[in-house]
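> Chains as they are written, first to last, in the numbering used here: chain A, 86 to 201; chain B, 86 to 201. Cβ atoms here follow ideal geometry from the backbone N, Cα and C, with glycine treated the same way. Since the model is a prediction, treat every value here as computed from it, not as a measurement. Dumping the structure here so I can ask a few things about it.
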DNA sequence: TGCATAGCTGCGCACCTGCGCAGGTATTCA
DNA sequence: TGAATACCTGCGCAGGTGCGCAGCTATGCA
């Protein structure tokens, strides 16, 4: 395997073959960025609280989320907008109430994972 | 269940009981922050690349990691310092080479999770 | 001993992020 | 129609983050 890109092929390696293994292990850069972005969505305690609440108790209204988390409404709204733009949550409008839920399967997996 | 803290007990709720369920679902604030910090360590593409390389190919030297990821040495070193301070990786010195590996079980679980 | 190499550190800059505040829109109800 | 409610948005600030650069320490080898 010769996976080292041309622009760094001249650098000295410690374990040459393991470098190639490492490059293969890292894989596609796009997939990498996608996962990093996913993790960054869970990397804030407030957003994580919102997601856990939605994941474990089902659809919830914005102001109820605000009370449950101790945030105030605009902060909740902005966090949900971010999560919605990323395709992690979706909101359904019923009258003047919007109930959100988690729709991304990967994120749900991560939320399960941090349960124990 | 009356889990709503006193400082927000006067606010109007949409679904009162679900707010209590949500508070229970969120759980302990410390555990929440711990997980958020864990996620934030994986929330950078470079750090994630380092961790995936270490996780999947075993112990690797700093300069090999730099070549594999395309970062330069100080950046790798700083990222590893951060991860080491968080107890995620550990380094073993052999002569003038330091080989790092992933030692945190939770993070390893997350790295497995983002394999597919 | 002298030199090259592996790795670490401090500093500074550009960039991003979360959130509070003030104000706007849409829906409900008297 | 007017008031109250649920939610959303734009703006600005404070704080954090990643990384390049220059320079340092420690190890190995001729």
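Name, going along the chain, the residues of the segment 120-149 of chain A whose beta-carbon falls closer than 7 Å to a beta-carbon of chain B.
Listed by position along the chain: 120, 121, 124, 125, 127, 128, 129, 130, 133, 134, 137, 138, 141, 142, 145, 146, 148 and 149.
> For the segment 111-137 of chain A, list the beta strand (DSSP E) runs that are entirely contained and at least 3 residues long, ordered along the chain.
Listed in chain order, nothing qualifies, since the segment 111-137 of chain A has no complete beta strand (DSSP E) run of 3 or more residues.
> What residue range does the beta strand (DSSP E) around residue 182 (chain A) cover?
Taken as a continuous stretch (DSSP letters only), the beta strand (DSSP E) holding residue 182 (chain A) covers 182-187.
> To which residues does DSSP link residue 192 (chain B) through a beta bridge?
DSSP, once it has assigned bridges, lists no residue as partnering residue 192 (chain B).
> Once you ignore the five residues that flank residue 123 (chain B) on each side, which residues in its own chain have a CB closer than 7 Å to its CB?
191 and 192, listed in sequence order.
> List the residues that DSSP assigns as beta-bridge partners of residue 164 (chain B).
None, per the DSSP bridge assignment.
> Verify the CB distance criterion: does residue 106 (chain B) have a CB-CB separation below 9 Å to chain A?
Answer yes: the Cβ-Cβ gap between residue 106 (chain B) and chain A drops below 9 Å somewhere.
> Within the chosen definition, does the segment 163-183 of chain B reach the segment 135-146 of chain B through at least 3 CB pairs nearer than 8 Å?
With a cut-off of 8 Å, the segment 135-146 of chain B and the segment 163-183 of chain B count as touching, because enough Cβ pairs lie within range.
> What does the alpha-carbon distance come out to for the pair residue 100 (chain A) and residue 148 (chain B)?
Cα to Cα, the separation comes out at about 10 Å.
> Out of A:127, A:113 and A:160, which has the shortest C-alpha to C-alpha gap to residue 198 (chain A)?
Nearest of A:127, A:113 and A:160 to residue 198 (chain A), Cα basis: A:127.
> State yes or no: is the C-beta of residue 130 (chain A) within less than 9 Å of the C-beta of residue 121 (chain B)?
Yes, these two residues count as a Cβ contact at 9 Å.
> Quick check on the burial criterion: 16 or more other C-beta atoms within 10 angstroms. Buried or exposed for residue 94 (chain A)?
It counts as exposed.
> Our contact map puts residue 119 (chain A) next to residue 135 (chain A) with C-beta atoms below 8 Å; I'd like the distance itself, whole angstroms only.
No, residue 119 (chain A) and residue 135 (chain A) are not in contact; Cβ-Cβ is about 21 Å, not under 8 Å.
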